[in-house]
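Counting from 1, position 196 in the sequence shown corresponds to residue 195 in numbering that gives the first Met the number 0; the numbering is continuous, with no gaps. Notes follow the structure.
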Amino acid sequence: MNHNESPVSCRVWRDGAMVEETVRKDEIIDALNDSDRLVWLDVVDAKPEALGSLIDALRLPATEIEDAFAPHERPKVSRHGDHLFFTTYATELAGRLADLEGDRLRTHRISGFVLPSALVTIRSSDFDIEPVLRAWDENSDLLKAGPRALVHGLMDTIVDGHFATIQTLDDDIEDLEDVLFEENRTGRGFQQQVYSLRKELVALRRVVLPMREVVNGLLRHGGRTNTELDSWYEDLYDHILRAAEWTESLRDMVTSVFETNLSLQDARLNTTMRKLAAWAAIIAVPTAITGWFGQNVPYPGFQKEFGLWVSVVTIVLGSLAMWWSFRRRRWL
Numbered sequence: 000m001n002h003n004e005s006p007v008s009c010r011v012w013r014d015g016a017m018v019e020e021t022v023r024k025d026e027i028i029d030a031l032n033d034s035d036r037l038v039w040l041d042v043v044d045a046k047p048e049a050l051g052s053l054i055d056a057l058r059l060p061a062t063e064i065e066d067a068f069a070p071h072e073r074p075k076v077s078r079h080g081d082h083l084f085f086t087t088y089a090t091e092l093a094g095r096l097a098d099l100e101g102d103r104l105r106t107h108r109i110s111g112f113v114l115p116s117a118l119v120t121i122r123s124s125d126f127d128i129e130p131v132l133r134a135w136d137e138n139s140d141l142l143k144a145g146p147r148a149l150v151h152g153l154m155d156t157i158v159d160g161h162f163a164t165i166q167t168l169d170d171d172i173e174d175l176e177d178v179l180f181e182e183n184r185t186g187r188g189f190q191q192q193v194y195s196l197r198k199e200l201v202a203l204r205r206v207v208l209p210m211r212e213v214v215n216g217l218l219r220h221g222g223r224t225n226t227e228l229d230s231w232y233e234d235l236y237d238h239i240l241r242a243a244e245w246t247e248s249l250r251d252m253v254t255s256v257f258e259t260n261l262s263l264q265d266a267r268l269n270t271t272m273r274k275l276a277a278w279a280a281i282i283a284v285p286t287a288i289t290g291w292f293g294q295n296v297p298y299p300g301f302q303k304e305f306g307l308w309v310s311v312v313t314i315v316l317g318s319l320a321m322w323w324s325f326r327r328r329r330w331l
């Protein structure tokens, strides 16, 4: 394996205690084949051709290698012989909704091979592995259960990231709801933010919902059972269900915001049209009176000064009567 092509790190535990934090490159294959030790091999920003000797030594199927590096692969878990293969995605939001144009949601793929005594992860450098290492260190007793404990720490950290992303989107939707009923605040920018949120939730849903199948597959194909570890996986599965339900509820909420905004725009348009019609009716009063008195026939006050004042008073009184009538009906 040409380790110069991509950063590779390796840790080794025995009976839950770390015995080696770094492993020499020429000893990695031997460590992976030692059933008395628990090994984690992390390959970052790798290319398939850089893992040739590792693939050959572990007898990994070509289809799994293709899935591990193929873009836009769906989150999943599958069993091949004595090992499991999984693909999942971590998420994060870049910046605030009001400050950015375009999508903020960032996804980072993590693929892995769960071997009888080892976990091999293939990921990009964009994914921060430090929270995963802390989770393993804080629950070192679980590592006695083998590589499934390592997978649990990884999945738990990823799901925590999903919750953080969902919480931020929830806060964004609440901010939009606060301005929804304010006058002159739901213009083009508001509509763009709602549309951006809908796109982000659709993309997030593609990542969060399949996690149920991933964790369920890890439980179902986990090999030898460990009561304590299984209870941790069941708790993780419950968290995933909550994240999926929360994501679905946010999709309903942002759809409601979008539809409510359209309804409010229609209501405001109707109000504006009603006001315009009312003012047009008021303006019609002086138009009618001046048109009448503009006829070239004698009338009371014809060609006299008081005739002008009669027309002015009639216009004012007629306009006020129309305004009062429309005001009573709340048209103005």
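For glycine and all other residues, C-beta sits at the position ideal for the given N, C-alpha and C. Owing to the predicted nature of the structure, the values given are computational and were not obtained by experimental measurement.
Cβ atoms of residue 67 and residue 8 stay farther apart than 8 Å, at about 17 Å. In chain order, 105 and 107 place their CB closer than 8 Å to the CB of residue 125, counting only its own chain and leaving out the 5 sequence neighbours on each side. The beta carbons of residue 246 and residue 200 sit closer together than 8 Å. Going by beta carbons, residue 73 and residue 220 fall outside the 8 Å limit. The residue among 83, 81 and 87 with its C-alpha nearest the C-alpha of residue 70 is 87.
Contact check for residue 135 against residue 152 passes: the beta carbons are separated by less than 8 Å. Assignment of residue 106 by DSSP, reduced to helix, strand and coil, places it in the strand class. Counting of Cβ neighbours within 10 angstroms places residue 195 among the buried residues, the total reaching 16 or more. Counting along the chain, residue 169 sits inside the alpha helix (DSSP H) bounded by residues 146-179. Close CB contacts of residue 303 within its chain, under the 8 Å cut and outside five residues either way in sequence, are absent. Scanning the region 240-326 from its first residue to its last, no whole alpha helix (DSSP H) run of 4-plus residues comes out. Residue 112 sits in a strand when the DSSP states are folded into three classes. Where residue 62 is concerned, the enclosing alpha helix (DSSP H) starts and stops at 61-68.
Distance from the Cα of residue 255 is smallest, within the candidate group 193, 208 and 228, for 193. In this structure, residue 188 lies away from residue 76, with their beta-carbon atoms at least 8 Å apart. Note: residue 13 is bridge-paired with 16 in the DSSP secondary-structure output. Per the Cβ contact rule, the region 115-123 is in contact with the region 20-40 (3 or more Cβ pairs under 8 Å). The Cβ-Cβ distance between residue 44 and residue 13 does not fall below 8 Å. Burial state of residue 150 is buried, judged by a 10 Å Cβ sphere holding 16 or more other Cβ atoms. Take the alpha-carbon of residue 280 and the one of residue 305: they are about 26 Å apart. Close CB contacts of residue 171 within its chain, under the 7 Å cut and outside five residues either way in sequence, are with 96 and 196 (chain order). In the three-state DSSP reduction, residue 33 falls in the coil class, being neither helix nor strand. Contact check for residue 154 and residue 214: beta-carbon distance about 6 Å, within the 8 Å limit, so the pair qualifies.
Residue burial is scored here from C-beta neighbours: residue 237 has fewer than 16 other C-beta atoms within 10 angstroms and is therefore classed as exposed. In terms of CA proximity to residue 143, 228 leads the group 169, 23, 228 and 120. As DSSP reads the structure, residue 39 sits in a beta bridge with 10 and 118. Residue 93 carries a coil assignment under DSSP once its states are collapsed to helix, strand and coil. CA-CA distance, residue 312 to residue 322, rounds to 15 Å. Per the coordinates, the alpha-carbon of residue 42 lies some 22 Å from the alpha-carbon of residue 16. Distance from the CA atom of residue 315 to the CA atom of residue 258, rounded to whole angstroms, is 43 Å.
For residue 76, the enclosing beta strand (DSSP E) starts and ends at 75-79. Looking at the backbone, the Cα of residue 122 and that of residue 65 are separated by about 14 Å. In the three-state reduction of the DSSP assignment, residue 238 falls in the helix class, which pools H, G and I. Here the alpha carbons of residue 278 and residue 319 stand approximately 11 Å from one another.
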